[in-house]
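Enquirer:
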Amino acid sequence: MYLNHIVMNRNSVTLLLFVSIMSCVIGQEVLISPDVSIKNDKKYMVLGQKGDNTLLFRDQINKQHVDVFDNALKYKYTRELELPGDNKKIFAVEPHGDYASIIYGCYLKDSIQIRQFVINSLGELDDTIKLATVDKRIIKDNFKYAYSEDETKLLLFNKGKEDQLNLFMIDLEQRKLNWDSAILIDGRNDGFKFKDMVISNEEEVFMLYEKGNSRYLAEEHELMIYHTNGYNYQTYSLSLAMPNYLSKDVHLTYDETNNKVLVLGLYTEANRSSALGYFYFQSSPETLGVDDQIIFSPFELSFIEEVNGKRKGINNTLDYYFIKEIVFNQDGGFIWIGEMYKKYVRRAPSPYGRSGSIEGFIDHYTEDVIVFAVDKHGVNTWKNVIYKKQFSQDDDAVYSSFFLMKTPSRLQLLFNDEIKKYNTVSGYSLDPIGNIQRKTLLNTEYENLKLRFIDALQVDSNAVLLTSEGSGVLNLVKISL
C-alpha cells in the first residue's frame, strides 16, 4: 500500500444540513473524504461506487494508482497498478458495472498492441487482455474514443491513410474486440470537418461532419451523417443542406428508447456568437435518407427579452449560449438545456512566460441557463430560464457550470452560487411541465471545499459524487438530496 499518497488531515465526516426553503425544511447528507495529495498527478478520474467501495483513479505519468474508500468515503488503502508491456500510452479510462477498464496501447517497433486492463471493486487487477495488434503504418493520428450509454461498449478510432477511418469496437463487459473496420469517409477532402460521434448500445456508429459553416461559404453549408455497423461493414451517408443559416454548437446523440439519432444545434445568420433559434434532425437508422428535413425553431422575442432583461441596442438574439445537456423522454420527445458562457482575455501573455499559454489571463463568465421541451411531433411544449451568475479567473472554469441530476419525476440542476473559497451550493428542481423551484443545499464556509460540479457522477437516484480541488489537495464529496 502506498500511504504516502494520502494525507490523512481529517476524518470522513457527515454533515446534516437543514435549510428552510419556503417554510419547508429540507435535509441533505454530505460526506467528505480525507484529503488526497494530487501535487504529482497528471490526471485523475472518479470511477464511482463499485460494490462496497468508491474508487479514485490517479495517473502520475509513469505510475497509476487507485485510491479505495468505503461508500461513506472513509479511506481504506491505495493500490499501484502495473500495466503490462513497454512504451505504454493510455487511451481511455472507463467505468462499467462493478468494474473499470483502462484501454491502452503498447507501442512496438512496427505495431501497436491495444490492451484492456480491468480493475475490480477492490481496486485491484482483475484481468488483462490483448485486444488487437495494429500495423503502425495505418495510424496517422492519436486515438480518440466514444462509449455507449450503458457504458458496456467503447469505440477507439483514429485517422488513417487518405479518407480512411480506423474503428475498433470493444465490449468492456465481455472483455473482447467485437469488430474492427477501416472505412472510407467520402467527401472529407471536400472541406468536411469532423464534429461529433456517437455509438448505440447495439454498436451502431454515427458520425457527424460539416462544411461551409462561414458567411463566405454559406451557400455550401452542409451537414453529413455517416452510419456504419461493423458486422455488415457497410457505410451509409446522408447529406443535410443548410444554405440559409450557419450552425452554432451542433451536437449528435442517440435516443436508446426510441432508437433514433438526433442532430441538435443553434443557428444564426452571420454572428457566430449569437443564436436566432435551434434546429434539429431526428431519424431512426432504418429511415435515414427518407424525408430528410431539418426543423428550425426560432426563439420568440418575448423569451429573448425574458432571458436578456433590459439591454441596450438590438435585442433579438441569445448571445454566447451553448447546448450543455440533452435528455430524452420515453415518448420520443426530448429536453435540451443551454448555458451562457463567455470568456475575455485580460492581456496578451508575456513572451518570457513559462509556457507561452494564454491560460492564466482569462476571465470566465458562466451565467443563465435555458431549458426547452420538444415533443415527438417537434412542438416546443414549454421553455424556461434559470438565472445564475458565475465568474472566475484563471481556473479554466472548472468550478463553474452545473451538474444535471436525473430522476424519474424531475431534473435537478446543482451548481456553485459563486466561484470563491467559501461558497453556497444551490439547486433548481425542474418538474415535467417546466415548473422550477430553487433550493439552497449547503454552505462550504467551514469545510474549505471548492466543488467541481462540471464532472460529477450520479451514483443513486438522489445522490451525486464529485470532487473538491484546491492547492494540490483533492477530496471526494457525496451529496444526498
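Going by the working numbering, the sequence shown opens with residue 114, and the numbers climb by one from there.
For every residue, glycine included, the Cβ atom is placed at its ideal position computed from N, Cα and C.
(1) Under the DSSP definition of a beta bridge, which residues are partnered with LYS496?
(2) Starting from ASN384 and walking both ways along the alpha helix (DSSP H), at which residues does that stretch end?
(3) Under 7 Å between the Cβ atoms of ILE407 and LEU353?
(4) What residue range is occupied by the uninterrupted beta strand (DSSP E) comprising ILE417?
(5) Please state whether DSSP places PRO596 in a helix, a strand or coil.
(6) Where does PRO596 sit, in a helix, a strand or coil, going by DSSP?
(7) Looking at LEU555 and VAL572, is the spacing between their C-beta atoms short of 7 Å?
(8) Just how far apart, CA to CA, sit HIS178 and ASP239?
(9) At the level of alpha carbons, what is the spacing between LEU278 and ALA213?
(10) Spell out a yes or no on whether the segment 360-371 and the segment 402-417 are touching, meaning 3 or more CB-CB pairs, one atom from each, closer than 8 Å.
(11) Give the range of the beta strand (DSSP E) segment to which TYR349 is assigned.
(12) Grouping DSSP H, G and I as helix and E and B as strand, with all else coil, what is ILE251?
(13) Please name the residue in VAL376, MET282, LEU221 whose C-alpha comes closest to that of LEU244.
(14) Give the DSSP-derived three-state secondary structure of ALA331 in the structure shown.
(15) Along the beta strand (DSSP E) that carries LYS155, what are the first and last residues, could you check?
(16) If you reduce the DSSP assignment to three classes, tell me which class GLU323 lands in.
(17) Answer with buried or exposed for VAL487, where buried requires no fewer than 16 other C-beta atoms within 10 angstroms of its C-beta.
(18) I'd like the list of long-range same chain contacts for ILE532, defined as Cβ closer than 7 Å, with 5 residues on each side in sequence excluded.
(19) Using DSSP's beta-bridge definition, name the partner residues of LYS534.
(20) Under 6 Å Cβ to Cβ from ASP154, same chain only, skipping five residues before and after it: list those, please.
(21) At the level of alpha carbons, what is the spacing between ASN291 and GLU264?
Expert: Based on what the coordinates show:
(1) PHE485
(2) Run containing ASN384: none; DSSP gives neither H nor E here.
(3) Taking 7 Å as the cut-off, the Cβ atoms of ILE407 and LEU353 count as close.
(4) Premise fails: ILE417 lies in the alpha helix (DSSP H), 414-421, not in any beta strand (DSSP E).
(5) Here the chain has residues from 114 to 594 only, and residue 596 is not among them.
(6) An answer regarding residue 596 cannot be provided, because it is not within the stretch 114 to 594 covered by the chain.
(7) no
(8) 15 Å
(9) 27 Å
(10) They do not touch, by the three-pair rule.
(11) 347-354
(12) Three-state DSSP puts ILE251 in a helix.
(13) MET282
(14) helix
(15) No beta strand (DSSP E) contains LYS155, which DSSP labels as neither H nor E.
(16) Strand, per DSSP.
(17) buried
(18) GLN503, PHE504, SER505, TYR512, SER513
(19) Per DSSP, none; premise fails for LYS534.
(20) ARG171, GLN173.
(21) 15 Å
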